[in-house]
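> Below you will find the structure I want to go over with you.
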Amino acid sequence: MDKEKKILYSGMQATNTLTLGNYLGALKNWVSMHEEYECFYGVMDLHSLTVRQEPAEFRKNARSLYALYVAAGLDPEKNCVYYQSHVPAHTQLAWILNCFTYMGELSRMTQYKDKAAKHADNVNAGLFTYPVLMASDILLYQADVVPVGVDQKQHLEITRDIAERFNSIYGDVFTVPEAYIGKAGAKVMSLQDPTKKMSKSDENPNATVFLLDDKDTIIRKFKRAVTDSDAEIRYDAENKPGVSNLMSIYSAVSKKSYEEIEKEFAGSGYGDFKIAVGERVAEELLPIQNKYQELMKEKSFIESCMKNNAEKAFYVSNKTLRKVYKKVGLTELPRS
Ligand code: TYM
Numbered sequence: 004m005d006k007e008k009k010i011l012y013s014g015m016q017a018t019n020t021l022t023l024g025n026y027l028g029a030l031k032n033w034v035s036m037h038e039e040y041e042c043f044y045g046v047m048d049l050h051s052l053t054v055r056q057e058p059a060e061f062r063k064n065a066r067s068l069y070a071l072y073v074a075a076g077l078d079p080e081k082n083c084v085y086y087q088s089h090v091p092a093h094t095q096l097a098w099i100l101n102c103f104t105y106m107g108e109l110s111r112m113t114q115y116k117d118k119a120a121k122h123a124d125n126v127n128a129g130l131f132t133y134p135v136l137m138a139s140d141i142l143l144y145q146a147d148v149v150p151v152g153v154d155q156k157q158h159l160e161i162t163r164d165i166a167e168r169f170n171s172i173y174g175d176v177f178t179v180p181e182a183y184i185g186k187a188g189a190k191v192m193s194l195q196d197p198t199k200k201m202s203k204s205d206e207n208p209n210a211t212v213f214l215l216d217d218k219d220t221i222i223r224k225f226k227r228a229v230t231d232s233d234a235e236i237r238y239d240a241e242n243k244p245g246v247s248n249l250m251s252i253y254s255a256v257s258k259k260s261y262e263e264i265e266k267e268f269a270g271s272g273y274g275d276f277k278i279a280v281g282e283r284v285a286e287e288l289l290p291i292q293n294k295y296q297e298l299m300k301e302k303s304f305i306e307s308c309m310k311n312n313a314e315k316a317f318y319v320s321n322k323t324l325r326k327v328y329k330k331v332g333l334t335e336l337p338r339s
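Quick note: to get the numbering used here, add 3 to the position in the sequence shown (first position is 1).
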């Protein structure tokens with residue numbers, strides 16, 4: 004490992020295809036991070052099992068997520084991109100950290116409460132301890148920073164609490180990580196209800212833009228986006244959440260500030276603005292979609308990257324795991 008650089012860790016669940024929210028809130032910010040950080044990115048397939056998965060479809064989604072990471076610009080030769088389930092240390096550390104995490108703090112997690120309400124027929128223990136596996140992912144690599152969208156802030160806070168608790172008993176075992184939240188796009192809202200975050204599992208098909216949607220679909224979804232009755236393109240998240248959401252999406256893809264956008268569209272109606280946002284988003288996604296199609300055909304490249312990077316992740320994570328085992332007093336297996 005390059006000791007000069009700070010360490011960065013992040014990942015996404017391997018369910019369905021990614022949304023514009025996943026892309027703008029996380030993936031888009033990841034692609035150039037390797038210049039400054041030693042980067043690790045997981046395909047979080049174990050986390051996905053907290054919701055029932057159809058096996059063949061799940062396997063395809065995991066591969067598709069890996070290919071989308073690479074297509075969006077994450078170079079697997081410069082970043083350690085691997086599957087979480089290929090590195091057993093994640094679940095091994097999770098067990099130990101489960102024993103250092105309280106039921107009370109887990110039951111306060113908003114994502115747990117939301118998911119438990121949504122999947123009332125399957126409120127499993129994995130859903131409850133999801134943040135502990137996430138803490139293990141991060142702490143195993145001694146990550147300094149974790150780039151995520153706003154919705155993951157609470158999970159980062161519990162990760163820090165667990166790390167500090169463990170360190171206060173056993174000395175400096177874990178680096179206490181910081182969340183890194185991008186400015187524009189950190190919370191992309193639903194196009195149909197701008198008070199709710201854009202989500203993979205929204206029942207309304209017009210609420211979510213997927214990374215693999217074609218241009219017409221993208222523009223159609225933006226045209227139907229819910230706005231307000233006033234016709235002014237002005238950023239005001241509280242009183243004009245729909246337009247403000249569109250502005251934050253436009254800002255993330257065009258790198259323009261809200262003032263610049265207000266000027267650009269002064270005097271235009273919502274209709275024109277929505278089409279402009281749709282077109283700009285489609286333009287941003289097209290090269291990613293083309294690269295994705297190529298990668299999905301060319302199996303051997305992804306497979307060799309997946310393998311090499313899993314070996315690296317295995318090595319790095321096991322160093323931390325061995326230290327933890329020793330600190331808590333587990334007995335090492337005699338060598339001969
Ligand atoms: P997941 O798959 O739910 O989300 C992946 C990333 O996308 C961001 N995101 C959004 N950002 C902006 N607007 C949205 N509407 C939106 N929807 C999702 C999320 O904030 C996240 O950054 N628990 C993690 C996966 C994980 C992980 C980790 C992340 C497992 N272990 C370790 C970092 C470090 C998650 O929610 O993924």
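A virtual CB, placed ideally from N, CA and C, is assigned to each residue, including glycine.
According to DSSP, simplified to helix, strand and coil, what is residue 113?
Your numbering for residue 113 matches position 110 in the sequence shown. DSSP places residue 113 in helix when its eight states are reduced to three.
> Provide the residue(s) that pair with residue 10 in DSSP beta bridges, ordered along the chain.
Translated into positions along the sequence shown, residue 10 becomes position 7. Bridge partners of residue 10: 41.
> For residue 45 and residue 140, which I take to be in contact (beta-carbon distance under 8 Å), what is that distance rounded to the nearest angstrom?
Taking the first residue of the sequence shown as position 1, residue 45 is located at position 42. Taking the first residue of the sequence shown as position 1, residue 140 is located at position 137. Contact holds; Cβ gap of about 6 Å.
> If you draw a straight line from the C-alpha of residue 200 to the C-alpha of residue 181, how long is it?
The sequence position of residue 200 within the sequence shown is 197, counting from 1. The sequence position of residue 181 within the sequence shown is 178, counting from 1. Rounded to the nearest angstrom, the two C-alpha atoms are 23 Å apart.
> Decide if residue 333 is buried, meaning its Cβ has at least 16 other Cβ atoms within 10 Å, or exposed.
Start at 1 with the first residue of the sequence shown, and residue 333 comes out as number 330. Exposed, because fewer than 16 other Cβ atoms sit within 10 Å of the Cβ of residue 333.
> How long is the line joining the alpha carbons of residue 298 and residue 329, rounded to whole angstroms?
Locating residue 298 in the sequence shown gives position 295, counting from the first residue. Locating residue 329 in the sequence shown gives position 326, counting from the first residue. Going from the Cα of residue 298 to the Cα of residue 329 covers about 42 Å.
> Is it the case that the segment 190-204 contacts the segment 21-36, given that we only count it when at least three CB pairs across the two stretches are under 8 Å?
yes
> Among 36, 244 and 18, which one has its Cα closest to the Cα of residue 12?
Your numbering for residue 12 matches position 9 in the sequence shown. Out of 36, 244 and 18, 36 has the C-alpha closest to the C-alpha of residue 12.
> Please report how far the alpha carbon of residue 224 lies from the alpha carbon of residue 280, in whole angstroms.
What you label residue 224 is simply residue 221 of the sequence shown in a count that begins at 1. What you label residue 280 is simply residue 277 of the sequence shown in a count that begins at 1. Approximately 11 Å, taken between the alpha carbons.
> Given a cut-off of 7 Å on the beta-carbon distance, is the pair residue 87 and residue 130 in contact?
As a first step, residue 87 must be located in the sequence shown, where it is residue number 84. As a first step, residue 130 must be located in the sequence shown, where it is residue number 127. Not a contact, by the Cβ cut-off of 7 Å.
> Taking DSSP as the reference, what is the three-state secondary structure of residue 26?
On the sequence shown, position 23 is the one that residue 26 refers to. Note: residue 26 maps to helix in three-state DSSP.
> What do you reckon, is the C-beta of residue 185 under 6 Å from a heavy atom of the ligand TYM?
Start at 1 with the first residue of the sequence shown, and residue 185 comes out as number 182. Residue 185 Cβ: outside cutoff for every heavy atom of the ligand TYM.
> On the three-state DSSP scale, how would you describe residue 182?
Within the sequence shown, residue 182 is the residue found at index 179, counting from 1. It is a strand residue.
> When the Cα atoms are used, what is the spatial distance from residue 417 to residue 40?
Nothing about residue 417 can be reported from this structure: the residues present for the chain run from 4 to 339 only.
> Rounded to the nearest angstrom, what separates residue 150 and residue 42 at their Cα positions?
The residue you call residue 150 lines up with position 147 of the sequence shown. The residue you call residue 42 lines up with position 39 of the sequence shown. Whole-angstrom Cα-Cα distance: 11 Å.
> Report the CB separation of residue 404 from residue 75 in whole angstroms; it is logged as a contact under 8 Å.
As displayed, the chain neither begins before 4 nor continues past 339, which places residue 404 out of reach and without an answer.
> Here's the rule: buried if 16 or more other CB atoms are within 10 angstroms of the residue's CB, otherwise exposed. What is residue 323?
Here residue 323 refers to the residue found at position 320 when the sequence shown is read from its first residue. Flag for residue 323 reads buried.
> What first and last residue would you give for the beta strand (DSSP E) that runs through residue 102?
For the purposes of this step, residue 102 is taken as residue 99 along the sequence shown, with counting starting at 1. Per DSSP, residue 102 belongs to no beta strand (DSSP E) and is neither H nor E.
> Is it buried or exposed for residue 98, if we count other Cβ within 10 angstroms and need 16 for buried?
In the sequence shown, the residue the question calls residue 98 occupies position 95. Residue burial annotation: residue 98 is exposed, with fewer than 16 other C-beta atoms found within 10 angstroms of its C-beta.
> Let me check you understand the geometry: is the CB of residue 291 closer than 6 Å to at least one non-hydrogen atom of the ligand TYM?
Position 288 of the sequence shown, counted from the first residue, corresponds to residue 291. No, Cβ of residue 291 sits at least 6 Å from all heavy atoms of the ligand TYM.
> Tell me whether residue 197 sits in a helix, a strand or coil according to DSSP, three-state version.
Within the sequence shown, the letter at position 194 stands for residue 197. Residue 197: coil per DSSP, three-state reduction.
> When the Cα of residue 309 is compared with those of 80, 77 and 85, which residue comes out closest?
Sequence index remark: in the sequence shown, residue 309 carries index 306 (1-based). Looking at the Cα atoms, 85 is the closest of the given residues.
> Could you tell me whether any non-hydrogen atom of the ligand TYM is closer than 6 Å to the CB of residue 112?
The residue given as residue 112 occupies position 109 in the sequence shown. Result no, Cβ not under 6 Å from the ligand TYM.
> Can you give the Cα-Cα distance for residue 51 and residue 134, rounded to whole angstroms?
On the sequence shown, position 48 is the one that residue 51 refers to. On the sequence shown, position 131 is the one that residue 134 refers to. Residue 51 and residue 134: Cα-Cα distance of roughly 12 Å.
> Taking 7 Å as the threshold (C-beta atoms), are residue 33 and residue 77 in contact?
By one-based count along the sequence shown, residue 77 stands at place 74. By one-based count along the sequence shown, residue 33 stands at place 30. Yes.
> Under a Cβ-count criterion, where at least 16 other Cβ atoms within 10 Å of its own Cβ denotes burial, should residue 219 be classed as buried or exposed?
One-based indexing of the sequence shown puts residue 219 at position 216. Flag for residue 219 reads exposed.
> With a threshold of 6 Å (Cβ to nearest heavy atom), would residue 3 be considered close to the ligand TYM?
Not covered by the structure: residue 3. The range shown for the chain is 4 to 339.
> Going by beta carbon distance, what residues of the same chain come within less than 6 Å of residue 145, once the five residues before and after it are set aside?
Residue numbering aside, residue 145 sits at position 142 when the sequence shown is read from its first letter. In the same chain as residue 145, and ignoring 5 residues on each side of it, the C-beta atoms closer than 6 Å to its own belong to 10 and 178, in chain order.
> Could you give the residue range of the beta strand (DSSP E) that holds residue 54?
By 1-based counting over the sequence shown, the position of residue 54 is 51. Element bounds for residue 54: n/a, residue is neither H nor E.
> Can you tell me whether residue 213 is helix, strand or coil according to DSSP?
Along the sequence shown, one-based indexing puts residue 213 at 210. In this structure, residue 213 counts as strand in the three-state DSSP scheme.
> Consider the Cβ of residue 64: report whether some Cβ of chain C lies at a distance smaller than 7 Å.
Of the chains in the structure shown, none is chain C; there is only one protein chain.
> Whole angstroms is fine: what's the gap from residue 245's alpha carbon to residue 229's?
As a first step, residue 245 must be located in the sequence shown, where it is residue number 242. As a first step, residue 229 must be located in the sequence shown, where it is residue number 226. Looking at the two C-alpha atoms, the distance is approximately 6 Å.
> Let me know the secondary structure DSSP gives residue 149 once reduced to three states.
Here residue 149 is taken as the residue at index 146 of the sequence shown, counted from 1. Reduced to three states, the DSSP call for residue 149 is strand.
> Roughly how many angstroms separate the alpha carbons of residue 110 and residue 116, rounded to a whole number?
Sequence index remark: in the sequence shown, residue 110 carries index 107 (1-based). Sequence index remark: in the sequence shown, residue 116 carries index 113 (1-based). If I take the Cα positions, the gap works out to 7 Å.
> Can you round the beta-carbon distance between residue 83 and residue 315 to whole angstroms, since I take them to be within the 8 Å contact cut?
For this step, residue 83 is matched to residue 80 along the sequence shown. For this step, residue 315 is matched to residue 312 along the sequence shown. About 5 Å; that satisfies the 8 Å criterion.
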